[in-house]
Amino acid sequence: MAKARTQFICQNCGAVHNRWAGKCDNCGEWNTIVEEDPMGGIGSGPGKTPKKGRPVALTALSGEIEEAPRIHTAMSELDRTLGGGFVRGSAVLIGGDPGIGKSTLLMQAAAALARRGHRIIYVSGEEAVAQVRLRAQRLAAADTDVMLAAETNVEDILATLAEGKRPDLVIIDSIQTLWSELADSAPGTVTQVRTGVQSMIRFAKQTGAAMVLVGHVTKDGQIAGPRVVEHMVDAVLYFEGDRGHHYRILRTVKNRFGPTDEIGVFEMSDRGLREVANPSELFLGERNEKSPGAAVFAGMEGTRPVLVEVQALVAPTSLGTPRRAVVGWDSARLSMILAVLEAHCGVRLGQHDVYLNVAGGYRISEPAADLAVASALVSSLAGIALPADCVYFGEVSLSGAIRPVAHTAQRLKEAEKLGFSTALLPSASAELPKGSGGRWNEVESLPDLVARIAGSKGALRVEDEV
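This is how it looks when you write it as structure tokens:
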């Protein structure tokens, strides 16, 4: 019989090493490599002859298509993020920083489903029953029929779920606390997490119950544990937010049954999470319309238009290397915008510190924010406040041209609904709303934008800096 070969697995990223090392070469973390059994105690041992497989039935691509049965909650923001509700037999992984509100969100969703007659089982591996009951009382969910258990053993959890009527929704909080007797490693290790998640997904597929798994995130913002867990589940949601702000964003990064770019916006209060039907008003609630360096960006999150303020501060520096600080946007894209401004517009920022912030802690990922960022930078450098009733969107190319972006009509309709009567957008934009009372100003290149902003008060103050 061949000798079993041990492996050394990083407990942070799941990378496999042939020998132990103090630092993981894949993620750079120290003291995270642990020796584990490569088989994890699962399946046949080395040297055992595998059994012969059986042929499976093949079918054609054409045929009837059935919609996936869903469980609709009373929380419209959660349903939007999931693509219409929980799909029966699916596994959903929700990640987020500790204390961000994952357990609060799931407790409110469980209570809402229980009031509609669904059988909900909440399994807590981190908190005792008394702690979960205190949260339920605070959220006015103690009067619902949510069944509660405090257990971490995978086999005991599966035996409990198999008793009685099939549950409609099972919540496991969290996957880092699960441990199985089939694996010899400690709870929270890569082998235990992978084994526990695989067992829970198998139960969901066999019974048709929706499974929700809670996972912690690392300091880099990724879900802790092996990335294979994200590939095993059907949907991955990230619960984001800054503890200094009251709002929280539930963002979809993977969904086999719906779109992957939807968001749900919530506001944290002492009574739990409150849904925010119009997030644009939330992100624009504290605007200073007379301050230079502030531009309103009309963005898109899935099918939802969102208006958010982009703030820029350009100040002379006393350091040899100026600072470039970015919050809520891509720092590499900011460097590109600064290079285009200097190369094609003559705006030299080499002796200035540049600070860029997206108001409210919101994170922008689409390139349509280039025009708003460039407008905010030029406005701050020139000391000229941008029009308060104007929104900006468009992609800036390396040649200085303004490229059109998708969903122009939805962005403009959202801006009109919130009282913005002017928009600065690419000249080649299509889908402009008809019969609108707004003024849509088109720009072809970034030099045209700089000249428009600098000449708004009749004095080209930007030229003083070039």
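In terms of our numbering, the sequence shown opens at residue 29 and continues consecutively. Positions of the beta carbon are idealized from the N, C-alpha and C atoms, including for glycine.
Secondary structure, beta strand (DSSP E): runs of 3+ residues fully inside the region 217-299 = 238-244, 263-268, 275-283 and 291-297
query = Should the region 441-460 be regarded as contacting the region 304-322, the criterion being three or more beta carbon pairs within less than 8 Å?
reply = The answer is yes - the region 304-322 touches the region 441-460, with three or more Cβ pairs under 8 Å.
query = Is GLU63 near THR34, with beta carbons less than 8 Å apart?
reply = yes
query = Would ILE481 be called buried (16 or more neighbouring beta carbons within 10 Å of its own) or exposed?
reply = buried
message = Per DSSP, what are the beta-bridge partners of LEU383 in this structure?
response = According to the sequence provided, residue 383 is Tyr. The question's Leu does not apply to it. In the DSSP output, where bridge partners are listed per residue, TYR383 has LEU341 and ALA353.
ask   = Starting from PRO320 and walking both ways along the alpha helix (DSSP H), at which residues does that stretch end?
value = Taken as a continuous stretch (DSSP letters only), PRO320 belongs to no alpha helix (DSSP H), as it is neither H nor E.
ask   = Is VAL242 near ILE122, with beta carbons less than 8 Å apart?
value = yes
task = Starting from the C-beta of GLY229, find all residues in its chain whose C-beta is less than 8 Å away, skip the five residues before and the five after it, and write them out in chain order.
result = The sequence given here places Ile at residue 229; Gly does not occur at that position. Only ALA119, MET239, MET260 and VAL261 meet the Cβ criterion.
inquiry  = Taking its Cβ as the centre, do 16 or more other Cβ atoms sit within 10 Å of ASN283, making it buried, or is it exposed?
reply    = buried
query = Going straight from the alpha carbon of LEU409 to that of ALA340, what length do you get?
reply = 9 Å
query = Apart from the five residues on each side of it in sequence, which residues of its chain come closer than 8 Å, Cβ to Cβ, to LEU134?
reply = ILE122, TYR150, ILE199, ASP201, VAL240 and VAL242
key: Start and end residues, alpha helix (DSSP H) containing SER407   = In this chain, the alpha helix (DSSP H) harbouring SER407 covers 398-410.
message = In the DSSP assignment, the beta strand (DSSP E) including PRO475 goes from what residue to what residue?
response = First-last for PRO475: 474-482, but that is the alpha helix (DSSP H), not the beta strand (DSSP E).
request  = Indicate whether the contact test is met: 3 or more Cβ pairs, each with one atom in the region 421-433 and one in the region 363-370, closer than 8 Å.
outcome  = yes
In DSSP terms, what TRP207 is bridged to = ASN181
request  = Could you say if the region 214-227 and the region 164-173 meet the contact criterion of at least three C-beta pairs nearer than 8 Å?
outcome  = no
task = In the DSSP assignment, find the unbroken alpha helix (DSSP H) run with THR109 in it and report its ends.
result = 104-110
inquiry  = Quick check on LYS51: buried or exposed, where buried means 16 or more other Cβ atoms within 10 Å of its Cβ?
reply    = exposed
inquiry  = Check whether the region 349-367 and the region 315-325 touch, using three or more Cβ-Cβ pairs below 8 Å as the test.
reply    = no
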